[in-house]
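One structure is given below, encoded as structure tokens.
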Amino acid sequence: MLLIRCPYCEEERPELEFRNAGEAHIARSSDMAATSDDDFEKFFFIRSNPKGIIYERWRHMHGCARFFNAVRDTVSDRFLMTYKAGEPKPAKLPGASK
Amino acid sequence: MAKAAAKKTAATAPSVERRPALAGQEFSATGVTLAVLPPAERISLRAPEASVAALSKALGVTLPRKPKTSAAKAGRTALWLGPDEWLVIDEAAKDPLADCAKLTVLHSAVGISHRNVAISVTGPAAAATINSGCPQDLSPDAFPVGAASRTILGKVEIMLLRTAADAFRVECWRSFSDYVFTFLSEAAGDAAA
């Protein structure tokens, strides 16, 4: 079974306790009413869907119930690292090939 | 006079009859025994870091701050569920909700005594029984005595507490208790085989 490290529980836990919660680092506009339709479409619908490294939100649903961010390789399904919600995108990834 | 007597009974007796789910059910297999534990007082407690000290003092048990741990004192157990979330179980019939009510520090305490049902799993095959539906590592190194965690068992969410080397307390929602008890009974038979 795939093990995912929860940054709040500070250990690796089985994937069955987790839920994916979509792409990370998508900031909601502070003034939604002023957002143009095109920008709203980009914010609301358009996702990067890369082949390779993706930054995602995950939730430790059946554990501490906290949301956190994870860096995952969509090709190998390997989790490169996880970090707490609200922390900036990591500049350097451990074990990344590029 | 009869009216007065009836009034008095109504005032002292609880307004609704309490019928615990699965009350008193037991199951035994080689190496493992399941028993539905008697009703207990429980609260779901959410509080920021700044309130933890005051809450610990009021509850009489130090709220654990380390993940996957619990603390127990005088029949009262506090389970760490999340960075700001605890489950407090009182088996000495003293309502922890009343202890929290006096406090003015920021917190949210919700009485969930009737929401949960507790099942004890004891015996040398206890860990194997739970592991048949729970993916967590329950070896003594990873899940020592006193370790507590919210996790899953089969299809449902449970709260698991290791009370002794070969004893666990499984807390689940009342409506899932039938599923959990049946699941554990089946698993106990397999673990024994």
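Protein sequences, first through last, are from chains A and B.
Numbering of the first sequence is given in this note's numbering, commencing with residue 245 and proceeding in unit increments.
Numbering of the second sequence is given in this note's numbering, commencing with residue 2 and proceeding in unit increments.
Using N, Cα and C, we set each Cβ at its ideal position, and we do this for glycine too.
Just so it is clear, the structure is predicted and the values come from calculations on it, not from any experiment.
Taking only beta-carbon atoms, is aspartate 179 of chain B less than 9 Å away from chain A?
Along the second sequence, read from residue 1 onward, the residue named residue 179 of chain B stands at position 178. At a cut-off of 9 Å, the C-beta of aspartate 179 of chain B has no neighbouring C-beta in chain A.
If you check the beta carbons only, do serine 114 of chain B and aspartate 96 of chain B fall under 9 Å apart?
By 1-based counting over the second sequence, the position of residue 114 of chain B is 113. By 1-based counting over the second sequence, the position of residue 96 of chain B is 95. In contact: serine 114 of chain B and aspartate 96 of chain B (Cβ atoms closer than 9 Å).
Candidates B:Gly61, B:Gly134, B:Pro68: closest to glutamate 255 of chain A by CA position
Translated into positions along the first sequence, residue 255 of chain A becomes position 11. Looking at the Cα atoms, B:Pro68 is the closest of the given residues.
List the residues of chain A whose Cβ lies closer than 7 Å to the Cβ of isoleucine 153 of chain B, in chain order.
Sequence index remark: in the second sequence, residue 153 of chain B carries index 152 (1-based). When 7 Å is used as the limit between beta carbons, isoleucine 153 of chain B is near these residues of chain A: Leu260, Glu261, His306, in chain order.
Go to asparagine 117 of chain B, then tell me how far its beta strand (DSSP E) extends in each direction, as first and last residue.
For the purposes of this step, residue 117 of chain B is identified with residue 116 of the second sequence, where counting begins at 1. For asparagine 117 of chain B, the enclosing beta strand (DSSP E) stretches over residues 117-123.
Please classify glycine 307 of chain A: is it buried, with 16 or more other beta-carbons within 10 angstroms of its beta-carbon, or exposed?
As a first step, residue 307 of chain A must be located in the first sequence, where it is residue number 63. Its Cβ being crowded by 16 or more others within 10 Å, glycine 307 of chain A is buried.
Alpha carbon to alpha carbon, how far is threonine 183 of chain B from proline 251 of chain A?
As a working note, residue 183 of chain B is residue 182 in the second sequence. As a working note, residue 251 of chain A is residue 7 in the first sequence. Each residue's alpha carbon lies about 34 Å from the other.
Own chain residues within Cβ distance below 6 Å of valine 53 of chain B, not counting five before or after
Start at 1 with the first residue of the second sequence, and residue 53 of chain B comes out as number 52. Taken in chain order, the residues that qualify are Leu64.
Secondary structure of glutamate 300 of chain A, DSSP reduced to three states:
Numbered from 1 along the first sequence, position 56 holds the residue referred to as residue 300 of chain A. In the structure shown, glutamate 300 of chain A sits in a strand (DSSP, three-state: E or B).
Would the stretch 108-128 of chain B and the stretch 27-45 of chain B be scored as touching if the rule is three or more Cβ pairs under 8 Å?
By the criterion of at least three beta-carbon pairs nearer than 8 Å, the stretch 108-128 of chain B is in contact with the stretch 27-45 of chain B.
Per-residue burial, alanine 11 of chain B [other beta carbons within 10 Å of its own, 16 or more giving buried]:
By 1-based counting over the second sequence, the position of residue 11 of chain B is 10. Bear in mind that the predicted position of alanine 11 of chain B carries a pLDDT of just 46, short of 50, making it unreliable; the figure below should be weighed with that in mind. Looking at its Cβ environment, which holds fewer than 16 other Cβ atoms inside 10 Å, alanine 11 of chain B is exposed.
Taking only runs of the alpha helix (DSSP H) that begin and end inside the stretch 122-186 of chain B, which ones reach a length of at least 4 residues, in chain order?
You should have 127-132.
So with Cβ pairs under 9 Å, would you call glutamate 68 of chain B a contact of chain A?
Here residue 68 of chain B refers to the residue found at position 67 when the second sequence is read from its first residue. For clarity, residue 68 of chain B is proline in the given sequence; the question names glutamate instead. Chain A, which has a Cβ nearer than 9 Å to the Cβ of proline 68 of chain B, makes this yes.
Whole-angstrom C-beta distance between alanine 189 of chain B and threonine 130 of chain B, which should lie under 8 Å:
Taking the second sequence and counting its residues from 1, one reaches residue 130 of chain B at position 129. Taking the second sequence and counting its residues from 1, one reaches residue 189 of chain B at position 188. About 5 Å; that satisfies the 8 Å criterion.
When the Cα of leucine 104 of chain B is compared with those of B:Gly32, B:Ala30, B:Lys58, B:Val33, which residue comes out closest?
As a first step, residue 104 of chain B must be located in the second sequence, where it is residue number 103. Leucine 104 of chain B has its Cα closest to that of B:Lys58, out of B:Gly32, B:Ala30, B:Lys58, B:Val33.
Considering serine 57 of chain B, what are the terminal residues of the beta strand (DSSP E) in which it resides?
Along the second sequence, read from residue 1 onward, the residue named residue 57 of chain B stands at position 56. Where serine 57 of chain B is concerned, there is no enclosing beta strand (DSSP E), although the alpha helix (DSSP H) it sits in stretches over 53-60.
Quick check on arginine 322 of chain A - is its C-beta less than 9 Å from some C-beta in chain E?
The displayed structure is made up of protein chains A and B, and chain E is not among them.
So which residues of chain B does tyrosine 252 of chain A contact, with C-beta pairs closer than 8 Å?
Locating residue 252 of chain A in the first sequence gives position 8, where the first residue counts as 1. Close to tyrosine 252 of chain A, with beta-carbon spacing below 8 Å, are these residues of chain B in chain order: Pro68, Gly83, Pro84.
Using the beta-carbon of each residue, which ones in chain A are nearer than 7 Å to glutamate 158 of chain B?
Walking along the second sequence from the start, residue 158 of chain B turns up at place 157. Identification of chain A residues near glutamate 158 of chain B by a Cβ-Cβ cut-off of 7 Å yields His306, ordered along the chain.
Helix, strand or coil, according to DSSP, for glycine 190 of chain B in the structure here?
For the purposes of this step, residue 190 of chain B is taken as residue 189 along the second sequence, with counting starting at 1. Helix at glycine 190 of chain B.
Measuring alpha carbon to alpha carbon, tell me which residue in B:Ser140, B:Leu88, B:Ile159, B:Asp179 is nearest glutamate 261 of chain A.
Residue 261 of chain A sits at position 17 when you count from the first residue of the first sequence. Of the listed residues, the one whose Cα sits closest to glutamate 261 of chain A is B:Ile159.
What residues from chain B crowd round methionine 245 of chain A, counting only those whose CB sits closer than 8 Å?
Taking the first sequence and counting its residues from 1, the one referred to as residue 245 of chain A is at position 1. Within chain B, the residues near methionine 245 of chain A are Pro136.
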